[in-house]
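Peer 1: Residues in the sequence shown are numbered from 1 upward in steps of one, following UniProt numbering. Just dropping this structure here.
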Amino acid sequence: CRDHGVSSLRVPKEPQNKVTVVLGAQWGDEGKGKVVDLLAMDADIVCRCQGGNNAGHTVVVDSVEYDFHLLPSGVLNKKATSFIGNGVVIHLPGLFEEAEKNLQKGKGLQGWEERLKISDRAHIVFNFHQAVDGIQEQQRQQQEGKNLGTTKKGIGPAYSSKAARNGLRVCDLVGDITVFEDKFRLLAEHFQRMYQNLNINIENELEQLKGFAERLRPLVTDGVYFMHKALNGPSKKILVEGANAALLDIDFGTYPFVTSSNCTVGGVCTGLGVPPSHVGRVYGVVKAYTTRVGVGAFPTELNNETGDLLQSRGREFGVTTGRRRRCGWLDLILVRYAHMVNGFSAIALTKLDILDTLPEIKVGVAYKVNGKPLPSFPANMDVLTRVTVEYETLPGWCCSTEAVRSFEELPPQAQSYIRFIEDFLQVPVKWVGVGKSRESMIKLF
Ligand SMILES: *[C@@H]1O[C@H](CO)[C@@H](O)[C@H](O)[C@H]1NC(C)=O
Ligand SMILES: CC(=O)N[C@H]1CO[C@H](CO)[C@@H](O)[C@@H]1O
Numbered sequence: 001c002r003d004h005g006v007s008s009l010r011v012p013k014e015p016q017n018k019v020t021v022v023l024g025a026q027w028g029d030e031g032k033g034k035v036v037d038l039l040a041m042d043a044d045i046v047c048r049c050q051g052g053n054n055a056g057h058t059v060v061v062d063s064v065e066y067d068f069h070l071l072p073s074g075v076l077n078k079k080a081t082s083f084i085g086n087g088v089v090i091h092l093p094g095l096f097e098e099a100e101k102n103l104q105k106g107k108g109l110q111g112w113e114e115r116l117k118i119s120d121r122a123h124i125v126f127n128f129h130q131a132v133d134g135i136q137e138q139q140r141q142q143q144e145g146k147n148l149g150t151t152k153k154g155i156g157p158a159y160s161s162k163a164a165r166n167g168l169r170v171c172d173l174v175g176d177i178t179v180f181e182d183k184f185r186l187l188a189e190h191f192q193r194m195y196q197n198l199n200i201n202i203e204n205e206l207e208q209l210k211g212f213a214e215r216l217r218p219l220v221t222d223g224v225y226f227m228h229k230a231l232n233g234p235s236k237k238i239l240v241e242g243a244n245a246a247l248l249d250i251d252f253g254t255y256p257f258v259t260s261s262n263c264t265v266g267g268v269c270t271g272l273g274v275p276p277s278h279v280g281r282v283y284g285v286v287k288a289y290t291t292r293v294g295v296g297a298f299p300t301e302l303n304n305e306t307g308d309l310l311q312s313r314g315r316e317f318g319v320t321t322g323r324r325r326r327c328g329w330l331d332l333i334l335v336r337y338a339h340m341v342n343g344f345s346a347i348a349l350t351k352l353d354i355l356d357t358l359p360e361i362k363v364g365v366a367y368k369v370n371g372k373p374l375p376s377f378p379a380n381m382d383v384l385t386r387v388t389v390e391y392e393t394l395p396g397w398c399c400s401t402e403a404v405r406s407f408e409e410l411p412p413q414a415q416s417y418i419r420f421i422e423d424f425l426q427v428p429v430k431w432v433g434v435g436k437s438r439e440s441m442i443k444l445f
């Protein structure tokens, strides 16, 4: 009877709290911010698990527009804790600047430093990573005549340092500063040797970093232990806010026109230190049509007035860069591929109202190459460039849906459009977006 304590270990335990995840299911700009904002209102913890300040979204609260790039948008919720996980790369001047700017806009961010936790294992983006990002884009432009279209925020170079194992982490900066200084100098010199026209003011940047170290120290926490307590303690609502999107994922995206982190569901586990058994609902955000920024294959692209119409009605311009986004019909082959990787529990279909004026709407349902159907989304970008798309044509509704607040009020053609997507993907649509405001996110169940 001595092993009483041991045997209780063998009774299978149900995992306690689970994280709810929101992910982009196309090439980004699907309107994840809206869905996150909705769910963050009553969340206890809101986490970021990957990416850096290369993505951005706007949240409107009490008619004040806040801009977020690195901070989880849950930071506006005074009752929630925001958490930046180890998978995120952090540019410290960018982080504090983002907070200052938002503080000036309204009351929402007051006391943010008390509500934010940062993993000690997160890697740091230095100013020279940003400079290198710019130089690399220039070189690609010169050598290949095209660039990757990065936002020059240093995200790629910082993840490169991480993988090359000479990157520096938050725990280094708040640890022994002399050790940090040595490693920082080594890393800076390494980049200087690689890029002759890179100017790094090492002493200046070190001074700046030491200042940030003091402000950062109280926010830093052991991220794994933090998440462990959150998952195994009393009941909590935990939200994970994905950045970028499935087709921009370093592994599953349209490589090389991708970002440097994994934006699919696996990134939640590695980027936070969360066991897969604690991943709960995974919501995919799908725009009612498709957009893509920069170069690269885009099978359902519309290079005619219909594309222009989507572009102008949908105000499809990049937030950070101002670049015009390319537009096309909804590509369900692509979304189904994102679903294969992420296993969406449900979908948020955004910007349906942008289709309001179209007499008919096409949806891409199959790819063919040389007349042969492809079983799924191809890895090879040359193949993707050559696919012909088979479409299903659905009737439009030709009336405004902007004021609609329930599924039943939607025109029957719009209802059919939604049901068609559900049937094709075999995933329920849980929300439909028909406008900008919080209320214009119609909840279906
Ligand atoms: C644009 O091209 C698509 C073909 O994919 C077609 O369905 C649509 O009607 C065209 N729009 C106009 C205005 O011609
Ligand atoms: C292989 C790879 O890129 N792994 C990265 C996946 O993304 C997480 C963050 O989401 C990183 O921490 C991993 O290094």
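All C-beta atoms in this analysis are idealised placements derived from N, C-alpha and C, irrespective of residue type, glycine included. Since the structure is predicted, the reported quantities are computational estimates derived from the model, not experimental observations.
Just mark Met194 as buried or exposed, buried being the case when its beta carbon has 16 or more other beta carbons within 10 Å.
Peer 2: Label assigned to Met194: exposed.
Peer 1: Leu9 to Gly28, Cα distance in whole Å?
Peer 2: Approximately 44 Å between the Cα atoms of the pair.
Peer 1: Rounded to whole angstroms, how far is the Cβ of Gly149 from the Cβ of Asp133, which I believe are closer than 8 Å?
Peer 2: Not confirmed; about 12 Å, so no contact.
Peer 1: Reducing DSSP to helix, strand and coil, say where Lys436 ends up.
Peer 2: Lys436 falls in the coil class under three-state DSSP.
Peer 1: So residue 468 packs on Glu100, CB below 8 Å; how close in whole Å?
Peer 2: Because the chain in this structure spans residues 1 to 445, residue 468 falls outside the shown range and cannot be described.
Peer 1: DSSP on Phe420, reduced to helix/strand/coil?
Peer 2: Three-state DSSP puts Phe420 in a helix.
Peer 1: Do Tyr417 and Ala230 have their beta-carbon atoms positioned less than 9 Å apart in this structure?
Peer 2: No, these two residues do not count as a Cβ contact at 9 Å.
Peer 1: Considering only the beta carbon of each residue, do Gly156 and Gln136 sit closer than 9 Å?
Peer 2: Yes, these two residues count as a Cβ contact at 9 Å.
Peer 1: What three-state label does DSSP hand Ile354 in the structure shown?
Peer 2: The answer is helix: DSSP assigns Ile354 an H, G or I state.
Peer 1: Confirm, please, whether the CB-CB distance from Gly242 to Gly267 is below 9 Å.
Peer 2: Going by C-beta atoms, Gly267 is nearer than 9 Å to Gly242.
Peer 1: Ordered along the chain, which non-local residues of its own chain (more than five positions away) have a Cβ less than 7 Å from that of Ser260?
Peer 2: The answer, listed in chain order, is Ile155, Gly156, Tyr159 and Ile250.
Peer 1: What are the uninterrupted segments assigned as alpha helix (DSSP H) that are 4 or more residues long and contained completely in the stretch 79-109, given in chain order?
Peer 2: Fully enclosed alpha helix (DSSP H) runs of 4 or longer: 92-105.
Peer 1: Would a C-beta distance cut-off of 9 Å place Glu402 and Ala245 closer than the cut-off?
Peer 2: The answer is no: Cβ separation not under 9 Å.
Peer 1: Closest to Val274 by CA distance: which of Val240, Glu301 and Thr290 is it?
Peer 2: Of the listed residues, the one whose Cα sits closest to Val274 is Val240.
Peer 1: Less than 9 Å between the C-beta atoms of Gly328 and Thr357, yes or no?
Peer 2: No.
Peer 1: Taking just the CA atoms, how far does Ala40 sit from Met441?
Peer 2: The straight-line gap from Cα to Cα measures roughly 14 Å.
Peer 1: Spell out a yes or no on whether the stretch 361-371 and the stretch 341-349 are touching, meaning 3 or more CB-CB pairs, one atom from each, closer than 8 Å.
Peer 2: In short, these stretches do not touch, since the Cβ pair count stays below three.
Peer 1: Determine the DSSP secondary structure at His69, reduced to helix, strand or coil.
Peer 2: Coil, per DSSP.
Peer 1: By alpha-carbon positions, which one of Tyr391, Cys398, Val404 and Pro276 ends up nearest to Phe424?
Peer 2: Of Tyr391, Cys398, Val404 and Pro276, the residue nearest in Cα terms is Tyr391.
Peer 1: Using only the alpha-carbon positions, how far apart do Gln104 and Ser63 sit?
Peer 2: Rounded to whole angstroms, Gln104 to Ser63 spans 14 Å at the Cα level.
Peer 1: Relative to the alpha-carbon of Val59, which residue among Val75, Gly52 and Ile45 has its alpha-carbon at the smallest distance?
Peer 2: Ranking Val75, Gly52 and Ile45 by Cα distance to Val59 puts Val75 first.
Peer 1: What residue range does the alpha helix (DSSP H) around Ile135 cover?
Peer 2: That run of the alpha helix (DSSP H) goes Asn127 to Glu144.
Peer 1: Is Ala288 helix, strand or coil by DSSP?
Peer 2: Note: Ala288 maps to coil in three-state DSSP.
Peer 1: So, using beta-carbon positions, are Gly94 and Cys47 closer together than 9 Å?
Peer 2: Taking 9 Å as the Cβ cut-off, Gly94 and Cys47 do not qualify as a contacting pair.
Peer 1: Can you tell me where the alpha helix (DSSP H) with Thr270 in it begins and where it stops?
Peer 2: Taken as a continuous stretch (DSSP letters only), the alpha helix (DSSP H) holding Thr270 covers Gly266 to Leu272.
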